[in-house]
Amino acid sequence: MITLGTHLKNLAFLLLGALVLGYIGVTYADLGRFVGAPGSYTVRVQLAETGGLFTGSDVTYRGVDIGRVRSIALTRDGVEARLAIDDGTPPIPADLDAKVAGLSAVGEQYLDLAPRTDRGPYLRDGDTVAREDTSTPAPITQLLTGVDSLAASVPTDELRTAVDELGKAFANQGSNLQVLLDAGSQFLNAADQALPATTELLADGETVLKTQADSTRALTSFATGARRLARQLKDSDSDLRRVIDETPGTADEFTALLRDTDPGLSVLLANLTTTSELLVTRQRGIEELMVRLPRVAAAGSTAVGPGGVNFGMVTTFFKPLPCTKGYEGTRYRNGLDTSGSTQVNTAARCTAPAASGQNVRGSGNAPKGPLPTPAVPGALTGSGSGGGVGVLDAPSVPPQSPTNLAGLLGLGE
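In structure tokens, the structure reads:
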């Protein structure tokens with residue numbers, strides 16, 4: 001006859017067993033979802049193949065376990081893994097990489113979620129990770145097949161010869177190898193001491209390489225031009241040789257010319273220096289003229305063609321408006337008036353600003369340059385020591401003019 005104590009022990013054992021089975025079922029078999037137990041949400045992951053993943057595999061986020069693989073089902077072009085992720089997990093960015101990895105070479109596989117950003121949107125219940133955001137490891141069979149193919153491709157005789165030659169090369173070289181290892185240790189110590197400078201050099205090298213990458217097009221163009229120049233020099237080899245042969249004679253002729261024109265040429269060049277100063281105030285105007293001359297030349301070259309002269313007329317009345325400001329002091333003079341009593345308005349010129357929209361023209365509106373230093377009165381008398389200042393800040397003429405270039409430059413006769 002079973003006693004009451006035995007009944008109580010059996011009942012306690014049954015209750016304990018039910019609790020253990022319930023914990024195992026909820027924790028490991030994920031049976032809590034069938035009875036409405038909260039604690040996880042579902043995310044689908046599209047994979048090309050399982051890669052060793054199985055139902056119940058761990059799901060990690062930044063290396064921390066956050067859930068399990070609830071199920072794996074076949075699709076039309078791959079497989080779909082349904083993940084059960086714990087509700088207490090921090091928000092997981094939807095922009096991520098889902099990688100099937102292994103704990104070791106022979107360990108079980110798991111699914112690791114590696115986000116690309118820390119910002120949203122985040123994964124929610126029912127979201128799907130696309131196949132292009134997933135990756136699986138290469139099958140072990142493929143790896144072993146590749147290793148076997150590599151080993152089979154190595155010629156046995158050649159490998160034996162290489163091993164024999166290596167054995168001969170290092171035979172009786174123990175002392176030399178010891179010296180080499182000691183020197184290598186010293187080299188590593190020196191490299192470790194120079195690590196900050198090496199790091200800085202690598203950082204600066206990255207900047208240089210980026211600059212070179214940005215200048216790729218310019219370098220390519222330079223190389224193309226250099227190749228064309230080299231080809232042209234090769235084609236002009238005979239002409240260049242002729243120039244080199246005739247250069248000494250030309251230099252002798254030029255030297256004789258300078259000797260025949262001395263000292264008149266040096267004096268002329270010195271005087272032209274003073275004359276060139278007169279163009280300083282009109283330097284910008286001359287520059288503008290040179291800029292516009294090609295347009296005028298182009299128009300002149302197209303005006304006359306094989307069929308005749310090409311002309312056209314465009315009415316531009318009041319486009320722009322004529323400039324009248326600055327001509328107020330000019331009085332009208334009848335063409336029949338032949339008396340000389342009317343005074344000419346020599347101050348007449350366009351005084352309107354260039355931004356007025358009127359047809360502003362005249363030499364007074366040309367771009368102006370800096371003004372030279374005004375001449376000092378009495379500096380051209382030629383008396384004294386000749387150290388005065390003349391026109392345009394040039395030295396005054398000495399009492400006795402130099403007779404050669406050395407005297408002109410103040411180097412002595």
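The opening position of the sequence shown corresponds to residue 1 in the UniProt record's numbering, with each subsequent residue numbered one higher. We treat Cβ as the ideally placed atom computed from N, Cα and C, and that holds for glycine.
So, under 8 Å CB-CB, residue i and residue j are touching, yes? Tell me the CB distance rounded to an integer number of Å.
i, j, result
"Thr134", "Ala98", "4 Å"
"Gly51", "Gln109", "6 Å"
"Leu111", "Val163", "With a Cβ gap of about 44 Å, Leu111 and Val163 do not count as contacting."
"Gly329", "Asn345", "5 Å"
"Ile85", "Val45", "The Cβ separation is near 11 Å, so there is no contact."
"Leu233", "Leu240", "7 Å"
"Leu321", "Asn359", "7 Å"
"Tyr41", "Leu113", "Contact flag wrong, Cβ pair sits at about 14 Å."
"Leu258", "Leu269", "So it is not a contact: roughly 11 Å between Cβ atoms."
Kindly indicate the opening and closing residues of the alpha helix (DSSP H) around residue i.
i, result
"Leu293", "Gln283 to Ala303"
"Lys234", "Thr216 to Asp235"
"Asp192", "Gly174 to Gln193"
"Leu272", "Gly264 to Glu277"
"Gly167", "Thr156 to Phe170"
"Asp148", "Ile140 to Ser153"
Bridge partners of residue i, per DSSP?
i, result
"Lys99", "Asp112 and Ser135"
"Pro322", "Asn359"
"Asp58", "Arg68"
"Ala80", "Looking at the sequence shown, residue 80 is not Ala but Glu. According to DSSP, which records beta bridges pairwise, Glu80 is partnered with Gln46 and Ala73."
"Thr128", "Arg44"
"Pro93", "Tyr122"
"Gly205", "Paired residues: none, contrary to the question."
"Asp86", "Ser40"
"Val309", "Val304"
Restricting to Cα atoms, I'd like to know which of the options is closest to residue i.
i, options, result
"Arg349", "Ser363, Gly340 and Gln358", "Ser363"
"Ile140", "Ser104, Lys210 and Ser175", "Ser104"
"Gly39", "Leu47, Thr89, Lys210 and Arg82", "Thr89"
"Ala48", "Lys325, Thr136 and Phe254", "Thr136"
"Val309", "Ser301, Ser221 and Thr315", "Ser301"
"Leu74", "Phe54, Gln173 and Glu253", "Phe54"
"Ile24", "Leu8, Ala298, Asp182 and Gly56", "Gly56"
"Leu83", "Leu123, Val314 and Thr250", "Leu123"
"Ala347", "Arg331, Gly340 and Ser339", "Arg331"
Within 8 Å of any Cβ in chain D, is that where the Cβ of residue i sits?
i, result
"Asp148", "Absent from the structure is chain D; it holds one protein chain and no more."
### Task
Evaluate the contact criterion for the segment 115–127 versus the segment 78–94: three or more CB pairs, one atom per stretch, below 8 Å.
Flag = yes, the segment 115–127 and the segment 78–94 touch.
Decide if the segment 67–78 is in contact with the segment 148–168; the criterion is three or more beta carbon pairs, one per stretch, under 8 Å apart.
no
inquiry  = Three or more C-beta pairs under 8 Å: does that hold for the segment 277–286 against the segment 355–369?
reply    = yes
For the segment 55–71 against the segment 144–154, do three or more pairs of beta-carbon atoms, one drawn from each stretch, fall closer than 8 Å, so that the two count as touching? no
If we count Cβ pairs, one from each stretch, closer than 8 Å, do we get three or more for the segment 266–274 versus the segment 345–359?
no
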